[in-house]
Amino acid sequence: MKKTLIALAVLAASGAAMSQVTVTGLLAMGYKATKAGNNAGTESSGLGVDTSVVYFTVKEDLGGGQKVEALLGVGGLDRSGESSSKYGVTGSNGPATGRDASLTYTNAAFGQIQLATLERPDFFSSYATGAIGAGTASVAGAGAPVIDMDNKLHEYKKVTDQIRYAVPLGPVTVALTHTEDFTTAGMGLGVGAAGQTKQRSNILSGLFKSGPLTLAAGYRNYDNRIEGGCVAAAPALAFAACPALQLTKDSLYNLQGAFDLGMAKIGVGYQDVSATNGMHQKDSMISLSMPLGALTLGAAWSRSETADAPNTSPFLGGLWKAKDYEGTANGYSVGVSYAMSKRTSVLARHAAWTTSGYVQYEQDAVNARATLASGRSAFNNAGLNYNSTASETSLLLVHTF
Numbered sequence: 001m002k003k004t005l006i007a008l009a010v011l012a013a014s015g016a017a018m019s020q021v022t023v024t025g026l027l028a029m030g031y032k033a034t035k036a037g038n039n040a041g042t043e044s045s046g047l048g049v050d051t052s053v054v055y056f057t058v059k060e061d062l063g064g065g066q067k068v069e070a071l072l073g074v075g076g077l078d079r080s081g082e083s084s085s086k087y088g089v090t091g092s093n094g095p096a097t098g099r100d101a102s103l104t105y106t107n108a109a110f111g112q113i114q115l116a117t118l119e120r121p122d123f124f125s126s127y128a129t130g131a132i133g134a135g136t137a138s139v140a141g142a143g144a145p146v147i148d149m150d151n152k153l154h155e156y157k158k159v160t161d162q163i164r165y166a167v168p169l170g171p172v173t174v175a176l177t178h179t180e181d182f183t184t185a186g187m188g189l190g191v192g193a194a195g196q197t198k199q200r201s202n203i204l205s206g207l208f209k210s211g212p213l214t215l216a217a218g219y220r221n222y223d224n225r226i227e228g229g230c231v232a233a234a235p236a237l238a239f240a241a242c243p244a245l246q247l248t249k250d251s252l253y254n255l256q257g258a259f260d261l262g263m264a265k266i267g268v269g270y271q272d273v274s275a276t277n278g279m280h281q282k283d284s285m286i287s288l289s290m291p292l293g294a295l296t297l298g299a300a301w302s303r304s305e306t307a308d309a310p311n312t313s314p315f316l317g318g319l320w321k322a323k324d325y326e327g328t329a330n331g332y333s334v335g336v337s338y339a340m341s342k343r344t345s346v347l348a349r350h351a352a353w354t355t356s357g358y359v360q361y362e363q364d365a366v367n368a369r370a371t372l373a374s375g376r377s378a379f380n381n382a383g384l385n386y387n388s389t390a391s392e393t394s395l396l397l398v399h400t401f
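Residue 1 is where the sequence shown starts when you use our numbering, and the numbers rise one by one after that.
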């Protein structure tokens, strides 16, 4: 249940100002079992907290068609250590830490401007496509209660500082976003403006809604690329095969669609990511969501093809080449959600996948910079895991308030 606090400000000469503070949150606990996609097939399982987060949302009507909304998230208000797996958080025992935050100004005359710090998944995952702000689901996902494939087949999650302008044009909402990414992935460590060592990006996106049909399109262009020169600060040995390691992104385009049939909702998507060394990752996704009373059934299938990698100079005695990462990875997820009430549900999900070459490449590029003396062990992803399946199964009790 939402807990709403109404605060009335002191009357000014121009009239009364009113702000509304809404406290919402989510706590999901249960059982999870995972199997890693490495050669050993490492398994782990146990009880615990899957997600714990509280959001404070403040809305203020400025009058004249203007309003401001502030969103502030806090996670880890528990003893589980769940938040310690989040980006930028260390320690254990559930240290409280900040989550998504945004400040949004809306003017009925010209649109909406937002400043935000968000953990941005890839375009296909939840909270990726749609209106401004956190909590907008991906179009291709079709609302299916499944496990997202970011960090598995698709792109890495990123914590992003961004500014975004959006304007509605009839049934279409058009947005222009500038981001500054801070990510643990091995990319963007090259030329660029002083003080920014990661890749920035500019995104042009559009969202169309009409009846049962929803369409989305996005184009992202990256700067701070490495166009061919080695990173000066890197050890010479690590970059003996410099072009092979320089996986900086060049551009990305994404197309998604969903159609609500009433008895079911179908989503589809396609994405192409290009790197400055010529490599491409081509992702596709199909999903299905079917409500049956209190039950919602869901399924999703994803495919990721890594191609066009250069056959660059050998690294560490010929053991490492960008070409090794070419191949096709597949994944699927099925899930069922049972609504016990408007706020409480039971969620069961299972996913299995082979790690895409692009994700493997990103992981190895990080290792290449950090570990030089361990030989092949520092590059244990290349071409090794397409036939090694990772999996995740979870049974959760979820409560929102």
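C-beta: ideal position from N, C-alpha, C; glycine also.
Opening and closing residue of the beta strand (DSSP E) in which residue i lies
{"i": "I266", "result": "K265 to A275"}
{"i": "S205", "result": "R200 to S210"}
{"i": "T104", "result": "T97 to N107"}
{"i": "G298", "result": "L295 to A307"}
Any C-beta of chain D under 8 Å from that of residue i
{"i": "S345", "result": "Checking the listed chains, one finds no chain D in this structure; it contains a single protein chain."}
For residue i, three-class secondary structure by DSSP
{"i": "G357", "result": "helix"}
{"i": "M290", "result": "strand"}
{"i": "L77", "result": "coil"}
{"i": "N380", "result": "Because the pLDDT of N380 is 47, which lies under 50, any placement of that residue in the model is unreliable, and the number read from its coordinates should be weighed accordingly. Looking at N380 - three-state DSSP - the assignment turns out to be coil, as it is neither helix nor strand."}
{"i": "I163", "result": "strand"}
{"i": "M149", "result": "coil"}
{"i": "T248", "result": "coil"}
{"i": "F56", "result": "strand"}
{"i": "G278", "result": "coil"}
{"i": "V23", "result": "strand"}
{"i": "G143", "result": "coil"}
{"i": "G111", "result": "strand"}
{"i": "D61", "result": "strand"}
{"i": "D223", "result": "coil"}
Of the listed residues the options, nearest to residue i (C-alpha basis)
{"i": "D61", "options": "S52, G73 and A108", "result": "A108"}
{"i": "A33", "options": "Q256, A348, H399 and T355", "result": "A348"}
{"i": "Y345", "options": "T22, L27 and S45", "result": "Here the sequence assigns Ser to residue 345, which means Tyr is not the residue at that position. Of the listed residues, the one whose Cα sits closest to S345 is L27."}
{"i": "Y253", "options": "K35, S289 and Q281", "result": "Q281"}
{"i": "T160", "options": "L261, H178 and G46", "result": "H178"}
{"i": "L176", "options": "I266, I203, I286 and N151", "result": "I203"}
{"i": "S205", "options": "S388, G211, T117 and A216", "result": "A216"}
{"i": "T328", "options": "S138, H350, R343 and G357", "result": "G357"}
{"i": "I286", "options": "S45, A140, A101 and L295", "result": "A140"}
{"i": "G73", "options": "V53, G257 and D223", "result": "V53"}
{"i": "T104", "options": "P171, L71, V268 and I266", "result": "L71"}
{"i": "M29", "options": "R303, L169 and G48", "result": "G48"}
{"i": "G98", "options": "Y55, F110 and L207", "result": "Y55"}
{"i": "M413", "options": "E305, P291 and A339", "result": "The first residue shown for the chain is 1 and the last is 401, placing residue 413 beyond what the model contains."}
{"i": "L213", "options": "G262, R220, D223 and S201", "result": "G262"}
{"i": "T389", "options": "G298, A309 and A36", "result": "A36"}
{"i": "L255", "options": "G64, D283, S274 and K152", "result": "D283"}
{"i": "A142", "options": "S391, E119, G269 and L396", "result": "G269"}
{"i": "D250", "options": "V336, D50, Q199 and Y325", "result": "Q199"}
{"i": "I147", "options": "E392, V174 and L397", "result": "E392"}
{"i": "A116", "options": "T22, Y165 and G211", "result": "Y165"}
{"i": "T248", "options": "D100, G267, V273 and S45", "result": "V273"}
{"i": "R343", "options": "Y325, S102, G298 and V398", "result": "V398"}
{"i": "A351", "options": "N221, D223 and M149", "result": "M149"}
{"i": "T423", "options": "T57, V336, D50 and N151", "result": "Past the boundaries of the shown model lies residue 423; the chain is included only from 1 to 401, so the question cannot be answered."}
{"i": "K404", "options": "N221, V334, T173 and G218", "result": "No information on residue 404 is available, as it lies outside the stretch 1 to 401 that the chain covers here."}
{"i": "G218", "options": "G257, T400 and G64", "result": "G257"}
{"i": "S138", "options": "G335, S341, G267 and T276", "result": "G267"}
{"i": "Q271", "options": "R220, M290, S341 and T296", "result": "R220"}
{"i": "K59", "options": "Q20, E326 and S201", "result": "Q20"}
{"i": "V309", "options": "Y325, M290 and A300", "result": "One point to set straight first is that residue 309 is Ala, not Val, in the sequence displayed. Here the closest residue by C-alpha is Y325."}
{"i": "W301", "options": "S45, S44 and P145", "result": "P145"}
Beta-bridge partners of residue i, as assigned by DSSP
{"i": "M29", "result": "V49 and L397"}
{"i": "G257", "result": "L215 and V268"}
{"i": "A390", "result": "W353"}
{"i": "S138", "result": "Partner(s): none; S138 has no beta bridge."}
{"i": "A116", "result": "S102 and Q162"}
{"i": "L72", "result": "F56 and A101"}
{"i": "P168", "result": "T173"}
{"i": "T34", "result": "S44 and E392"}
Heavy atom of the ligand SAM within 7 Å of residue i beta-carbon
{"i": "A264", "result": "This structure lacks the ligand SAM; in fact it carries no ligand of any kind."}
Query - Contained alpha helix (DSSP H) runs [length at least 4] in the stretch 325 to 352, N- to C-terminal order - result: none
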